[in-house]
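Report on the structure given below.
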Amino acid sequence: MLWKIAPSAALLGNGTFSFFLNDRLILSRSVEALRKEPLVRLPLPADLRRDRFLHARIESRIGITDDVCRDLFSGQLFWIVQEDSGFSLDDLRISHRSVSDFFETLYGSLSILLPASPSREEAEAAVWLAAMLRKAVPGLSVSLDTNENGRSASSSFILIAGDAIHLPSGIQPLPGISLLGERGLLVLGDGKPASLAGFVKTIASFPLFAAIPSGSILPETSAASEKNAVSNLLNLAEGTGANAVSLEIPVFPGLLASPPQDLSFQLEGACTLPRDPARPARLDVFWNGVFIESEYLSANGRFEKRLLLPVETPLLTENRLRLDVSYHLDEGMCRYRGSENRATLLPSSSFHGYGKYPLHALSWNSFGIFALRKGVLLLEEPFSIEGIRSAADMLHWLGGRYPRDVFIFPELRTTSEPSSYLKDAEWILAATSTAAIPRDLQQLLPLNVHEGFLLEIQRDGKTTYSFNREDDVAVAVIGSSSKPVLLLASSSPKMMSEAAAFFASPGSAARLSGNLMSFRSQEDVRVFDTRAPHVGVKRGAVLSFAERIWLRYRGFFIIGLWILATVLFATLFLKKRKV
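Going by my numbering, the first residue of the sequence shown is number 170, and it counts up by one from there.
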C-alpha cells in the first residue's frame, strides 16, 4: 500500500503520523520526514489477519504553535492525502476450493441466473440473494438474467434452479450449494418444498458467508433461523478530542421484539477526569441531530444515565444517538500538551421500547422498522426479470438500513392468488403493474392507484397532480390504515425497474419525504404527503385524455391565450387607427 501525504506548510516539524492496517501499527513518520519524502510504502505483514476488507487508518499528532485552541481556528491545521495514494494486488484471482472462497472473493460484479420461466421458489431465492449480497459486499454490482443470456466464464455468477430438469446441459446436478467451474456457484433445490429458501437462509446464517469450508454442501434447511435475533444492546463507542469528545451510536428500533412508540436508554460509560474537579464535564445528548437534554457528570470518570426520549419523538429505521462530552476551557488549557480527552460508551448500555408504533407516522425512513417481522413480497405472475430485479432493489433499499449481518426474507406471493395471506402478514411490499393490484391490497392504501387519483394541494395557490394508470410514470405509496404496506406500481415494467433502482441508489433517502412518490426519471421525482391538511385526495378519479393534457400543460395554454389576446387587441387597435 502506498500513501502520499502532503502536510500543511505551517505545521511544526516534530509532529508525527502513524499508519495502521486492520488496527495494527505498521510504521510512523514525522512531519519533517514527510516533507522530504511524501511517499510512504506500507508492506502487508505476512501474519496480518485475513479478512475481506483491509482497514487502513492514519492518526496524526500535529500542531502549529504551543496553543492548541489557536491552532484549531487557524485554518492551517491540516494535511492532504494526494491522488497518487493507492494499493496494488499481485493476483485477484484466488482459486475457489470451497464455497467460502466464492463469497470471500466476490468483488466488482455478479450475475444471478434463473431459468427462462422461473418458478415462485426460484424467483424468491433470486430476490433474497441479490438483496443480501449487495448489502454484504459493498460496491458489488448484482445483475439478474436468464441462463441463456447472462452466463460468462470471466465473471462470477450464481445459477439458481429449483429442480435438476431446469439446469443447462453439462452441469452436474448436486442438490444444495456447490462450486460450479472457476467462477460460478450452483444453488439447486433438493426436491423438498421451500428447499431453495432454506438454502439461502442457511448461507445468511454463516458469519458473512465465511464459514463454509466445503466445495459442495447440502444444508439442513430446518436449521435455518426463521427469526432475526432480538437485540437491545448498543454498540461500543469510543472517541477522543481536545476540549470535546463526540460519540455517535446507531440505534435500530426494529431489532426489538416489536416496533415501539417510545424508547428509553440505559447509558453506561467512562470519560477522562476533568483537570479541575470543581468544573465537571458536561454531557449533551442528541437524537438524529436534535438536542434532547444536558447534565453535568460526576468527577469519578464514569457515568450512568437513564434517558427517556420526549413523547412523539420520531423513530426511524436507523437512528443516531450522539453523546457530546465537553470540558471546561480554562486559562492555560490551550497550552496543555498532555494526552487527549477520551470518552467511551460501554457495551453494557442498552435501549428499551414502549407502546406500539403509530402507523399514521410511517414514512420512507421509518417503514423498515417493521421489516424484521413476518412480511410478504407481492409480485405479478408470470415472473419477469424486470419484476424480480425491481423487488430485489426494493428489498436492498429496505434492508440497507440495518447492520451488515441482518437480512430480510419476506415470503413471495403473487397478485393472482387469493389474498388470505394479507391477514397473517405484518407488513407488505408489492411491486406490480397498476392493472394487477389486488382489490384487497388497494383497500389498504390512502389513494386508488389501480384506477387513478387526483391530488388537490392548497399551498401557495391551488396546484393539482393527477395520476392515471396508463401514464408512463411509476408511483410508490405507503399505506398505514391497518398494517404497513408499500406499493411500487407502473404500467411500464421498465419504468418500475428504474424507480426501484432509484430507491436503491445511495442518495435516495435525502429526496424522499411524505408517503407518496411519483417517478418519471432520476431528474423528475416528486413527493407528496396525502396526510397533510392542505392535500385533498379524490379516490378513483379517472381523467379523460383532454383533462390530463389540460392539467399537465395548462400553464402553456394560459400563456398562449394571453399572447393570442394581445395579438388580437393590437390588430384591432391598428385597424381603428387606419380608419
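No residue lacks a Cβ here, since even glycine has one placed at the ideal position from N, Cα and C. Being a predicted model, the structure only gives us computed values, none of them experimental.
Are E555 and P662 close, meaning C-beta to C-beta below 8 Å? The residue given as residue 555 occupies position 386 in the sequence shown. The residue given as residue 662 occupies position 493 in the sequence shown. Contact: yes.
Identify every run of the beta strand (DSSP E) within the region 495-544, keeping only runs that are complete inside it and at least 3 residues long; order them along the chain. 510-514 and 519-523
Taking the straight line between their C-alpha atoms, what separation do you get for A179 and L246? Position 10 of the sequence shown, counted from the first residue, corresponds to residue 179. Position 77 of the sequence shown, counted from the first residue, corresponds to residue 246. So the alpha carbons of these two residues sit roughly 8 Å apart.
Provide the residue span of the alpha helix (DSSP H) that contains Q611, from first to last. Taking the sequence shown and counting its residues from 1, the one referred to as residue 611 is at position 442. Here the alpha helix (DSSP H) through Q611 covers R608 to Q611.
Under a Cβ-count criterion, where at least 16 other Cβ atoms within 10 Å of its own Cβ denotes burial, should N488 be classed as buried or exposed? Mapped onto the sequence shown, residue 488 falls at position 319. Buried, because 16 or more other Cβ atoms sit within 10 Å of the Cβ of N488.
Can you check whether the CB of W566 is closer than 8 Å to the CB of P653? Counted from its first residue, the sequence shown places residue 653 at position 484. Counted from its first residue, the sequence shown places residue 566 at position 397. Against a cut-off of 8 Å, the Cβ pair of W566 and P653 comes out as no contact.
If you draw a straight line from the alpha carbon of L452 to that of S589, how long is it in whole angstroms? Against the sequence shown, residue 452 aligns to sequence position 283. Against the sequence shown, residue 589 aligns to sequence position 420. The straight-line gap from Cα to Cα measures roughly 52 Å.
Using 8 Å as the cut-off, can you tell me whether the region 639-657 makes contact with the region 681-688, which would need three or more C-beta pairs spanning the two stretches below that distance? Touching, yes, given that three or more Cβ pairs across the two stretches are closer than 8 Å.
Limits of the unbroken alpha helix (DSSP H) element including L241: Within the sequence shown, numbered from 1, the residue matching residue 241 stands at position 72. Secondary structure note for L241: its alpha helix (DSSP H) is the uninterrupted segment V237 to L241.
The region 275-289 in contact with the region 300-314 per 3-pair CB rule at 8 Å: yes
CA-to-CA distance, R444 to L531, given in whole angstroms: Here residue 531 corresponds to residue number 362 of the sequence shown, with the count starting at 1. Here residue 444 corresponds to residue number 275 of the sequence shown, with the count starting at 1. Rounded to the nearest whole angstrom, the CA to CA distance from L531 to R444 is 47 Å.
T632 beta carbon near the ligand ATP (any heavy atom closer than 7 Å): In the structure shown, the ligand ATP is absent, as is every other ligand, since no ligand is present at all.
I need the straight-line Cα distance from P207 to I174, nearest angstrom please. For the purposes of this step, residue 207 is taken as residue 38 along the sequence shown, with counting starting at 1. For the purposes of this step, residue 174 is taken as residue 5 along the sequence shown, with counting starting at 1. The straight-line gap from Cα to Cα measures roughly 5 Å.
Are the Cβ atoms of A330 and E291 separated by less than 8 Å? The residue you call residue 330 lines up with position 161 of the sequence shown. The residue you call residue 291 lines up with position 122 of the sequence shown. A330 places its beta carbon less than 8 Å from that of E291.
Please report the distance separating the alpha-carbon of F186 from that of S197. Along the sequence shown, read from residue 1 onward, the residue named residue 186 stands at position 17. Along the sequence shown, read from residue 1 onward, the residue named residue 197 stands at position 28. If I take the Cα positions, the gap works out to 6 Å.
By Cβ distance, which residues of its chain are closer than 7 Å to Q691, with the 5 residues on each side in sequence left out? Within the sequence shown, numbered from 1, the residue matching residue 691 stands at position 522. F671.
With burial defined as no fewer than 16 other Cβ atoms inside 10 Å of the residue's Cβ, what is the status of I728: buried or exposed? On the sequence shown, residue 728 is found 559 positions in, with the first residue counted as 1. Exposed, by the Cβ-count rule.
Between the alpha carbons of T583 and L610, how many angstroms are there, rounded? Against the sequence shown, residue 583 aligns to sequence position 414. Against the sequence shown, residue 610 aligns to sequence position 441. Roughly 12 Å between the two C-alpha positions.
Between A450 and C440, is the Cβ-Cβ spacing less than 8 Å? Within the sequence shown, residue 450 is the residue found at index 281, counting from 1. Within the sequence shown, residue 440 is the residue found at index 271, counting from 1. If you check the CB distance, A450 and C440 come in under 8 Å.
Between which two residues does the beta strand (DSSP E) harbouring I346 extend? Numbered from its first residue, the sequence shown carries residue 346 at position 177. That run of the beta strand (DSSP E) goes G345 to L349.
Whole angstroms is fine: what's the gap from W248's alpha carbon to H224's? In the sequence shown, residue 248 corresponds to position 79, counting from 1. In the sequence shown, residue 224 corresponds to position 55, counting from 1. Each residue's Cα considered, the two are about 20 Å apart.
Closest residue to G184 among F368, N510, K474 and G232 (Cα-Cα distance): Working through the sequence shown from its first residue, we reach residue 184 at position 15. Checked all of F368, N510, K474 and G232; the closest Cα to G184 is G232.
Let's test the definition: count the other Cβ atoms within 10 Å of the Cβ of F256 and tell me whether it reaches 16, buried, or not, exposed. The residue labelled residue 256 in the question sits at position 87 within the sequence shown. Answer is exposed; the Cβ neighbour count stays below 16.
Could you check what DSSP says for F742 in three-state terms: helix, strand or coil? Position 573 of the sequence shown, counting from 1, holds the residue named residue 742. DSSP places F742 in helix when its eight states are reduced to three.
P419 - partner residues in DSSP beta bridges: On the sequence shown, position 250 is the one that residue 419 refers to. Partner(s): R489.
Can you tell me the Cα-Cα spacing of G339 and L328, whole angstroms? Locating residue 339 in the sequence shown gives position 170, where the first residue counts as 1. Locating residue 328 in the sequence shown gives position 159, where the first residue counts as 1. Taking the straight line joining both Cα atoms gives about 13 Å.
Candidates L656, D236 and D216: which alpha carbon is nearest A411's? Sequence index remark: in the sequence shown, residue 411 carries index 242 (1-based). That would be D236, whose Cα lies nearest to the Cα of A411.
Going by C-alpha to C-alpha distance, which of R695, P419, E481 and A701 sits closest to P516? One-based indexing of the sequence shown puts residue 516 at position 347. Here the closest residue by C-alpha is P419.
Got a sec? Which residues, its chain only, sit under 7 Å from A600 by beta carbon, not counting five neighbours each side? Position 431 of the sequence shown, counted from the start, is the residue given in the question as residue 600. Once the five neighbours on either side are set aside, the close Cβ partners of A600 are L548, G556, S559, A560, M563, L657, M665 and A669.
Buried or exposed by the 16-neighbour rule on C-beta atoms within 10 Å, applied to T735: Here residue 735 corresponds to residue number 566 of the sequence shown, with the count starting at 1. Under this definition T735 is an exposed residue.
With the cut-off set at 8 Å, would you say G345 and L387 are in Cβ contact? Taking the sequence shown and counting its residues from 1, one reaches residue 345 at position 176. Taking the sequence shown and counting its residues from 1, one reaches residue 387 at position 218. Their beta carbons are under 8 Å apart, which means G345 touches L387 by this criterion.
Neighbourhood of Y634 by C-beta distance below 6 Å, restricted to the same chain and skipping five residues each side: On the sequence shown, residue 634 is found 465 positions in, with the first residue counted as 1. Counting only Cβ-Cβ distances below 6 Å, and skipping sequence neighbours, we find L624.
Using C-beta distances below 6 Å, list every residue in its chain close to R352, excluding the 5 sequence neighbours before and after it, in chain order. Along the sequence shown, read from residue 1 onward, the residue named residue 352 stands at position 183. Correct list, in chain order: S325.
In chain order, what residues of the same chain lie with their CB nearer than 6 Å to the CB of G705, ignoring the 5 residues before and after it? Here residue 705 is taken as the residue at index 536 of the sequence shown, counted from 1. Within the same chain, G705 has close Cβ partners E625.
Helix, strand or coil for R582? Go by DSSP, reduced to three states. Counting from one through the sequence shown, the residue named residue 582 turns up at place 413. Correct three-state label for R582: strand.
Distance, T513 Cα to G438 Cα: The residue you call residue 438 lines up with position 269 of the sequence shown. The residue you call residue 513 lines up with position 344 of the sequence shown. Approximately 5 Å between the Cα atoms of the pair.
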